[in-house]
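Enquirer:
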Amino acid sequence: MTITAGIDIGTGAVKTVLFDSDGGENGKWLERRSDRIRRRDPQQLAESGFDDMLSAQSLSRDDVAYVATTGEGENVSFRTGHFYSMTTHARGAVYLMGEIGAVLDIGALHGRAIRIDNRGKVLSYKMTSQCASGSGQFLENIARYLGVAVDEIGELSKQAQEPEKVSGICAVLAETDVINMVSRGITTSDILKGIHLSMAGRLVKLVKSIKADQKVLMTGGLALDEGLVAAMKEEMVEQKVDIEVANHPDSMFAGAIGAALWGSFRHEKLAALDQLAQAS
Amino acid sequence: MSIDKQKEQGVQKEDSMWRQKEMINANYASLASAHENGRKIAATFVPGNLNELLMCFDLDRSLPETNALQNGMRKKSGRMIMDAERAGHSEDVCTYVKADLGMMQKGVGPTGDPLPKPDVLLLSYTGCFTFMKWFELVRDEYDCETTMLHVPYQADGKITKSMRDYVVKQLKEDVIPTLERVSGVKFDIDRLRGYLKESAKAEDDLVWVLQSAKNKPSPIDAYFGGVYYIGPIFTAFRGTPEATAYYNVLRQEIEQRIAQGQGPVTPEGDMGAERYRLITEGPPNWTSFRDFWKMFYDEGAVVVASTYTKVGGVYDLGFRHNSDEPLETLADYCLGCYTNLSLPKRVDMLVDYANEYEADGLLINSIKSCNSFSAGQLLMMREFEARTGKPAAFIETDLVDPRYFSAANVKNRIESYFQMVEQRRTQAA
Amino acid sequence: MSATEIIERCQALFDDLDFTAVKDWKAKNPGGKAIGYMPIYVPREIIHAAGMLPVGILGGGDQLEVIHGDAYYQSYICRIPRSTIELGVTGRLDCMDGMMFPSICDVIRNLSGMWQLMFEGKYVRYFDVPQNYEDGVGGSFYIHELKILRDDLSELAGRKITDADINNSIAVYNENRCAVADLYDYRAVKPWQASGSDVYLLIRAGMVLPVEEHTQLIREYLAAIEYEDRPVRDNCRVVVNGTFCEQPPLGLIKSIEMAGCYIVDDDFMLVTRWLLDDVATDGDPLKNLSEAFLHHSAATSAKYEPRKEDKGQFLIETVRQRGAEGVIFAAPSFCDPALLDRPMLQKALGKANIPYTAFKYAENSGQMQPIREQAGTFADSIKLWSV
Amino acid sequence: MQTFIGIDLGSTTTKAVVMDENCNVLGRGITNSRSNYDVAAEVAKQEALVNARFNLFRQSLGDVDVDASVMENFIQRLELNFRLHQYLLQLEDLRQTCLGNAASERFRDLGNKLIEALDEVFDRLRTDAPAMFVPGAKRKSDFFRDIAGAQYMAIGEEVAKTSDVAFDHILNAYDRSIIEVENRIIGDEKNAELLNQAVKEAFGTLSELQSSAASVDKMAQEVLGRELEETYVVGTGYGRARLPFSKDHIRSEILCHGLGAHVMYPNTKTVLDIGGQDTKAIQVDPAGIVTNFQMNDRCAAGCGRYLGYIADEMNVGLHELGPIAMQSTRKVRINSTCTVFAGAELRDRLALGEAREDILAGLHRAIILRAMSILSRSGGIEDEFTFTGGVANNEAAVKALKELIHENYGDLQINIDPESIYTGALGGATFARRAVEA
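Chains as they are written, first to last, in our numbering: chain R, 7 to 286; chain E, 279 to 707; chain B, 655 to 1041; chain Z, 503 to 940.
(1) Specify the secondary structure class of E:L556 as computed by DSSP and reduced to three states.
(2) Determine, using beta-carbon pairs with one atom in the region 584-592 of chain E and one in the region 510-517 of chain E, whether at least three such pairs fall under 8 Å.
(3) Hey, is Z:R807's beta-carbon within less than 9 Å of any beta-carbon in chain R?
(4) I'd like the ranges of any beta strand (DSSP E) spanning at least 3 consecutive residues and lying wholly in the region 849-901 of chain Z.
(5) Quick one: what does DSSP say Z:Q915 is sitting in, helix, strand or coil?
(6) Let me see if you follow: with CB-CB separation under 9 Å, is Z:E886 close to chain E or not?
(7) Suppose the cutoff is 8 Å on Cβ atoms and the five residues either side in sequence are ignored; what does the same chain contact list for B:D888 look like?
(8) How many Å lie between R:G33 and R:L267 at the Cα?
(9) Spell out the partners DSSP gives E:V678 in its beta bridges.
(10) Which residues, in order along the region 728-744 of chain B, keep a beta-carbon less than 8 Å from a beta-carbon of chain R?
(11) Using 10 angstroms around the beta-carbon of E:I467, count the other beta-carbons present and answer buried if the total reaches 16, otherwise exposed.
(12) Between the region 472-491 of chain E and the region 336-356 of chain E, do three or more beta carbon pairs fall short of 8 Å?
(13) Under a Cβ-count criterion, where at least 16 other Cβ atoms within 10 Å of its own Cβ denotes burial, should B:Y881 be classed as buried or exposed?
(14) Which residue from Z:T770, Z:I681, Z:D644 puts its Cα closest to that of R:I148?
(15) When the Cβ atoms of the region 1006-1014 of chain B are set against those of the region 971-981 of chain B, are three or more pairs found closer than 8 Å?
(16) Helix, strand or coil for Z:N837? Go by DSSP, reduced to three states.
(17) Apart from the five residues just before and just after Z:R867, which ones in its own chain have a Cβ nearer than 6 Å to its Cβ?
(18) For the region 641-670 of chain E, list every residue whose C-beta sits within 9 Å of some C-beta in chain B, in sequence order.
(19) Which one or two residues does DSSP pair with E:E432 in a beta bridge?
(20) Can you give the Cα-Cα distance for B:L948 and B:S955, rounded to whole angstroms?
(21) Does the region 231-251 of chain R come close enough to the region 61-75 of chain R that 3 or more CB-CB pairs lie under 8 Å?
(22) Quick one: Cα of E:L628 to Cα of E:E636, how far?
(23) From the DSSP output, in three-state form, read off E:F597 for me.
(24) Quick one: what's got a C-beta closer than 6 Å to Z:S513's C-beta in the same chain, skipping five residues either side?
(25) Would you identify the three-state DSSP class for Z:C758, choosing helix, strand or coil?
(26) Over what stretch of residues does the alpha helix (DSSP H) that includes E:C612 continue unbroken?
(27) Nearest chain B C-beta to E:K447 closer than 9 Å, yes or no?
(28) Following the continuous beta strand (DSSP E) through Z:T533, name the residue where it begins and the one where it ends.
(29) What are the residues that DSSP puts in a beta bridge with R:M133?
(30) List the residues of chain E whose Cβ lies closer than 7 Å to the Cβ of R:K214, in chain order.
(31) Taking 8 Å as the threshold, find out whether the region 787-807 of chain B comes into contact with the region 707-720 of chain B through three or more Cβ pairs.
(32) Does the beta-carbon of R:V23, which I'm using as the reference point, lie nearer than 8 Å to any heavy atom of the ligand HEM?
(33) For R:R150, return the contacting residues in chain Z, with the cut-off set at a CB-CB distance below 8 Å.
(34) For a quick check, are the C-beta atoms of Z:I509 and Z:T733 less than 9 Å apart?
(35) On the CB-based measure, 16 or more other CB atoms within 10 Å of its CB, does R:L203 come out buried or exposed?
(36) Is B:F898 near B:D921, with beta carbons less than 9 Å apart?
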C-alpha cells in the first residue's frame, strides 16, 4: 500500500486529502480538510493543513510516497508532482461516483465541462469564456449585496416564483442589472434564482458542447449549491439534454482525491521504471 | 400568417411590399419542392451574385445571407447560432455562417417550408473572406459540388484588365462547365444576354428610387426602407420580369409620395416631420430591426443614403449589366460590389453622399460579424468628419445575434447624438 | 557564440520595438530601402532582388502600450492591426519605405486601405494571391501581380530588376529555406535541446535580419546546440496550429512546454516555410515563383482548398512526419481564418485518431494560468494513458 | 429664493447641484445610488439643499460683526454637529432594524446571544461616533453605508472573538438590514430640526460667540428660515430614464458632462470622465457644446468599479489605493482590465513575487491606458483638458494620466477640480437655469 496526498489549491479554498491506495486503485480515504483562503497565503495554508493531517494520522512526511498538487498548486514547494485540474477532477469524480460520462467543475471564477471515459480519461472539455457574469464570485458579491448569507442562497433560490435572468455578459453591468431588478421590486428569491438560471444556462451549454451522453457529476466549490443544482435540472430540461446531473457530498474534494490517486499511480510507474533501469 | 390574412387585417404596407413578400414566399416554396419537380438548387452569395448566369442553367437560387437575415427577423436565428456554436464553431466568427449552418442542420427555411440542401455552391468570393470558409464548411458538411470564383480586391480603387481577365477566365474554364455538368443544361450566351437586358431595366428604376431621397422631405428611408427596395435585385430575382415589374410599381408609389410631399412609410404608418437627414454605413441589425428603426423615426430621423444598399452592386455610380459583353459585365459586377472597394474609395462615397443628399451627419452601425465592413470604420468616421465637418456617431451591434444587440446602449448613443446635432444647429442659428 | 548567446541576441532583436536592426542595416547600406510585410506570405525574393531589406511586421507583442491603435478598432477585432497601427503612428515604422499587406483576411485587407489614408506618400501594396490554382488561370493572374510588384519596386529602387537578380535572390532564399528546414528537423528529433522558444526566437530574428545573416545564424545555432546538455523532460509531442498571423506571446510558447508539451512543429511566421521545396533558379523567375506558390506551398486557413478530401491532410501529414502525439490549436481571438477553419481541421484529425485541444490567445495575453491548465490537461491525458 | 437643480444619477453614486439664478453653485450633495433611484435622487437633492444652507451662512457672514475666523469655525462646528446627528439617527435606525432581523427565524437557535452581541456592537459604535465628527477627523467615506459598515466590521470582528457568536452571523445581520435603512429618507423637516439642534450646540461649544450670540442667531434663523424654491430640476446620468421626470427635464449625460466641464473651465476642449461603470471622452466647442464623444459599453473594464474590486481584494479602502500605488518603484505592465478577473490577476502577480505597490501602479496605468484610447477614438486631446469623475480624485490615476498625456500630446493645461465628481450635475443645473431663461 502507498500513502499519497492530494492538495487542490482553488480560488476560494485549499482542499487537502490523504489516501492509501495501490497505484491509485481501491484507494482508502484517510484524511480530508478544506480551508477557506480568506486573503491568507494558500501555500502556507496547504503546508500547515498537510502537516496537521499527518499528525492526525501520526505519520511523518517521509511516510508519504507522493505529494500531488492540482489547481493553482504548481509552485507548492514540497510537492512531488503536479497534475492539472481537469485530469484530477475527472479521476476524483470516477472515484466518487463510478459510472459517469462527464464532470462539471464549477469554481469561483470558472466553469469546465469535461467528458471522460469510464476510467476517468479526459476525452474533451469546454471552459466558460473569460468574461462571465456566471461566475461563483459574482453570485457571492450579489448575495452580500442582497444581505443573504452564502448558506441561505440555495433555499431562497428554490422559493423563487418568477425568476428573471441577468442579461449582461460583463459582471459589472450584470451587477447593475441586479440593482435595477431590486429597484423594480423583484424579490431576492427571484433574483438569486435568475442568477442561478443564467449560470446553469451557460453550464448546460458547456455540457451539451462536449456531447456528454452519460450521467454528469458536479464538482468544485459550487457543486453543493442546491439552488444551482435545481436550476441545472431545469435548464437541462429547457435545453433538452436528457442525462442526469448528479452530485456527491464530497464532490468539492474531487480535485484533491484525483491528485492523490494519480500521485499513487505515478509513484508505482516511476518505481517500475527504476527497477527496469536497475535490471538493465 | 398568409399574406391575404395580413391584408385583411389591414397590416400597413404598400403594394410593392406585398409584391415583394409574394415573390420571396414563392421562391421559398419553389426551393422546397425543387427536387420533387426535378429542379436543381444553387446557393450563392449576395455580393457577386450571378443570378442571370444561374438562370441560364434552370437552377433555383438560394442565398444564405438572405436566409439568415430572414431567420433573424423572425427571431429564429438565436437558437441556430447556439446550435452551431455547440457543434464547435467559435463564438468569435460571423453569425450569418452559424445561423446558416444551424438552419441546415434542421433543413427548414425561414418560412417554415423545408429547405433542401443545395446541389451546387457557387462560391463567388467577393469582398468577404468569410464567404470562402463558409462554403468550405457547407461543402464539408453536405458534400455539395462547389465551384470557386475568386474576385480580386480593388485595393487601389480601380478594376484592371488583369482582374477582369482572371474572373472571365474562371467563368469560362471553371464555373460554366461545372454548372453545365450539375444542371445538365448547355450554356447559351444569348439566353444570358436576355436576362442581362432585363436586369438593366430594373437597375435604372432602383437607382431612381434610391436617389429620390435627395428630395426634402425624403420620400424614402434609404436604409431601413432601403433594405426592402434592394431585396429583389440583390437576390434571386434580378433579370426576371417580376423584378422589373416590382421596381416599376415601387417607382410609381414614390413618385406619388414626392408629389404629395410625404416622408417615408414606417411600420407605424407615415413618418412625422423630417428632423434629421443621415447617411449610414454598415448593415442593420436584423433581430431587433423594428426597435432599431423606431429609435430613428420616433426622433424624426430619416436615412437618405446608405452604403449597405450597395453590397449587391453600386448601381448609383453608373454600373449597369451590359448584354453586349455578357461575361465581362458579370466580372465587372462582381469586382464593383461595395465591400470589394478600397477603404479610401468607401470614404469618398460617404463624403459625396453627405453632400449630394444634404445630410446632417453619418451614423456607422458597426457589425461584429462583418470585418469586411467593420475593420477600419473608425478611421472612415474620422476622415468623414474631417472632410465634411459633419458629426458622426458610432454604434456596435450584430447581424443576427440577439445577444449582441443592447437596446439601452444603442438608444443612449443615438439619443445623445441627435441631441448633439440639435444643439449644434441651434448654436449655428 | 554559444547557443545561449545566439538566443540572447535573438531575444534582444525580438524585444526591440524600434527596429534598430533595420536602421543599422540602412546605415550600413546608404540609400538602401526597407519594405515591411505582414503575415503570412510575400515573395521576399523580389524585394531582395531590388536590393531592399524585407522586414516582417508581426504586431507589437505584449510589451507595447497600445493607445491610438485601439482607437481604430472595435472590441471584436484581433490585436495585430491595433499594435501595427500603434507602431506606425508612434513613428516606429518610419524606417520602412513601403508596406505590403498580403491577402490573409478582411482585417489586414482593410488595413492596407487605412495605411493609404494614414501614411500618405508611403508605398503601400495590397498583395493579392490567387485562390485558383490553375497555371493558366490563377497562375497568369499571380504572375501579373508579381510583375506589378517587381516594377513598383524597381521604380522605388531607381533601377531595373532583372530576371538574373531575382534568380539570384531565389537561390539565397533557397539557402534560408534549407537552414530553417534543418532547424525544424533537429528540433523534431531533440526537442529538449532546441526548445520551442529557442526555435521561435531564431525564426523571428529572420524577420529583421538580412536573409544571408539569418541563414548563417541558424547554421551557427545548429552547430552550437549540440554542445549544450539540456535535461530531457517527460513531455508529450505536439504540433501547434493556428498561429500564422497574430503571434502568441513568448510566455504562451513557454507555458505550453512548462505544462508538459514539446512543440515539434508549428505555423509561426509561415513566410519562412511557405514554399515547401527549392524554387528553380533558372528560366523565368516569376513563372517559377508562381508555380512554387500554386503547387508547392503550405496549406493554411487563409487559402481555399479546392478538394474537400484534401482538407486537413497537410496538417495530418505534418503530425505523422514529426511523430507528434497530438495537435494544439492556438488561435488569436477573433481570427477569422483560423477559427472558421478549425472545425474542419478537427474533423479531419478526429477521423485520423489524432488527439487535439484548442484555445485562444491575444498577442498581449497576460494570464497564462488557463493556458497551462488546458495544455497541461492535454499533456496529462496523453502521458498518463500512454501504456 | 429660486434655485435650479441638476441631478446626476450615476451607476454607483448620485450627485446633485443647487444653483441660484446667477448660476452660482449654492450647494452640492452626493449619495450612493443604492437600489432605489428615486430615493437616491431625493437624498442627493436634500444633501445639496442642506449644503446650500451652510454656504448661505457663509454668504451672510458679512451681516454680523464677528471675526471671520470665529465665524468659519462656527459654521464648521455647525456642519460637523449636523453630520453627527444625521449619523446617530441612521445608526439608531440600523440598530433597531438589526435587532428586528436578529429576532427572526434564521437566528432562532442562537437565542439571545446574537442580540447581546449586536447590542454591544452598537453601543461601541455609538461611543465611537462623536470622535469621527470633530474638526480634522478623517472619515473613510461620506456615505452612511460605508462609514457605519467599516466601523461595524471592525468592531463586529472583535465582539465575535469575545462572544461565541460567529462573525458571519453578525455580518449577515448587518447585510440584511442596511438596504432597508439606507432606503429610508430622512425628510426635510427632520433635517431642519437637526440643523436647528446643530446651531444651538454650535453656540454651546464656542464661547467666543456668546457676546454676539443674538446677531449670529438672528442671521442663523434667517438662513434656516429662507425658503429655497425648486424652480427647475434636470435629471441626467446613467439612471436618468428611471427618474420620475418628464422628457424635457432629462438630458443625456454626455451633454451635461460637456457643459459642466465648460462651466468649470471655460477653455476646456477635451473632457475625460471616468465613472463607476463607464468612461466618456467628450470634445466640446468654445460654447461648451459637444462636438464629438466616445464611450465604452457592454464591458466595464477599466472603470471606477475596477478599483473598487481591487480595494476589496486587498482589503483596503478605495481612497487608500492611490497612495499605495504612489510608492511604486518598478514598472509592471498589466494588460487585462477586466473588473471581475482583476482579483485573479492580482493574486497571479503577487504569487510571481511582484510588489503590491508596483502591481497597483500597473493597474492604475492600465485603466488610464484604456481611457487614453477612448480619448484617441473621440479625436484625441486638445488644450485645455479636463478630467472629471470619481477616479479624478485618485492621485495614482492622475499621475499615470499626466505621464501618458505628456508622452502622447506634449504639455497642455490639465484641469482637475476637487469637486469634479459633480460635473454632470453641474451641467444639469446649468441646463435647468437655461430652460427657465428660454
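The beta carbon of each residue, even a glycine, is placed where N, CA and C say it ideally should be.
Expert: The structure says:
(1) Here residue 556 of chain E refers to the residue found at position 278 when the second sequence is read from its first residue. The answer is strand: DSSP assigns E:L556 an E or B state.
(2) Touching, per the Cβ criterion.
(3) As a working note, residue 807 of chain Z is residue 305 in the fourth sequence. At least one C-beta of chain R is nearer than 9 Å to the C-beta of Z:R807.
(4) 887-890
(5) Mapped onto the fourth sequence, residue 915 of chain Z falls at position 413. DSSP, reduced to helix, strand and coil, places Z:Q915 outside both helices and strands of the structure shown, so it counts as coil.
(6) On the fourth sequence, residue 886 of chain Z is found 384 positions in, with the first residue counted as 1. No, Z:E886 lies away from the interface with chain E (no Cβ there is under 9 Å from its Cβ).
(7) In the third sequence, counting from the first residue as 1, residue 888 of chain B sits at position 234. Counting only Cβ-Cβ distances below 8 Å, and skipping sequence neighbours, we find G914, K1037.
(8) Sequence index remark: in the first sequence, residue 33 of chain R carries index 27 (1-based). Sequence index remark: in the first sequence, residue 267 of chain R carries index 261 (1-based). Those two C-alpha atoms are separated by around 7 Å.
(9) Here residue 678 of chain E corresponds to residue number 400 of the second sequence, with the count starting at 1. DSSP, once it has assigned bridges, lists no residue as partnering E:V678.
(10) none
(11) On the second sequence, position 189 is the one that residue 467 of chain E refers to. By the 10 Å Cβ count, E:I467 comes out exposed.
(12) no
(13) As a first step, residue 881 of chain B must be located in the third sequence, where it is residue number 227. Answer is exposed; the Cβ neighbour count stays below 16.
(14) Taking the first residue of the first sequence as position 1, residue 148 of chain R is located at position 142. Of Z:T770, Z:I681, Z:D644, the residue nearest in Cα terms is Z:I681.
(15) yes
(16) The residue you call residue 837 of chain Z lines up with position 335 of the fourth sequence. In the three-state DSSP reduction, Z:N837 falls in the coil class, being neither helix nor strand.
(17) Reading the fourth sequence from its first residue, position 365 is the one you call residue 867 of chain Z. Excluding sequence neighbours, Z:R867 sits near A902.
(18) S644, K646, S647, C648, N649, S650, F651, S652, A653, G654, Q655, L656, L657, M658, R660, E661
(19) Indexing the second sequence from 1 puts residue 432 of chain E at position 154. The sequence shown places Gln at residue 432 of chain E, not Glu. DSSP output for E:Q432 lists E:L619 as bridge partner(s).
(20) Stepping through the third sequence from its first residue, residue 948 of chain B is reached at position 294. Stepping through the third sequence from its first residue, residue 955 of chain B is reached at position 301. Going from the Cα of B:L948 to the Cα of B:S955 covers about 15 Å.
(21) no
(22) Here residue 628 of chain E refers to the residue found at position 350 when the second sequence is read from its first residue. Here residue 636 of chain E refers to the residue found at position 358 when the second sequence is read from its first residue. Near 12 Å, if we compare the C-alpha coordinates of E:E636 and E:L628.
(23) Here residue 597 of chain E is taken as the residue at index 319 of the second sequence, counted from 1. Looking at E:F597 - three-state DSSP - the assignment turns out to be coil, as it is neither helix nor strand.
(24) Counted from its first residue, the fourth sequence places residue 513 of chain Z at position 11. For Z:S513, where only same-chain residues beyond five positions count, the Cβ hits under 6 Å are Y740, G778, Q779.
(25) The residue given as residue 758 of chain Z occupies position 256 in the fourth sequence. Looking at Z:C758 - three-state DSSP - the assignment turns out to be helix.
(26) Counted from its first residue, the second sequence places residue 612 of chain E at position 334. Counting along the chain, the alpha helix (DSSP H) containing E:C612 begins and ends at 604-614.
(27) Locating residue 447 of chain E in the second sequence gives position 169, counting from the first residue. At least one chain B Cβ lies under 9 Å of E:K447.
(28) The residue labelled residue 533 of chain Z in the question sits at position 31 within the fourth sequence. Unbroken beta strand (DSSP E) run through Z:T533: 527-534.
(29) For this step, residue 133 of chain R is matched to residue 127 along the first sequence. Partner(s): R:R118.
(30) Locating residue 214 of chain R in the first sequence gives position 208, counting from the first residue. Correct list: R364.
(31) no
(32) In the structure on display, the ligand HEM does not appear, and there are no ligands present to speak of.
(33) Translated into positions along the first sequence, residue 150 of chain R becomes position 144. By Cβ distance, chain Z contributes D677.
(34) Position 7 of the fourth sequence holds residue 509 of chain Z. Position 231 of the fourth sequence holds residue 733 of chain Z. For Z:I509 and Z:T733, no; Cβs fall outside 9 Å.
(35) Position 197 of the first sequence holds residue 203 of chain R. Classification for R:L203: buried.
(36) Reading the third sequence from its first residue, position 244 is the one you call residue 898 of chain B. Reading the third sequence from its first residue, position 267 is the one you call residue 921 of chain B. For B:F898 and B:D921, yes; Cβs fall inside 9 Å.
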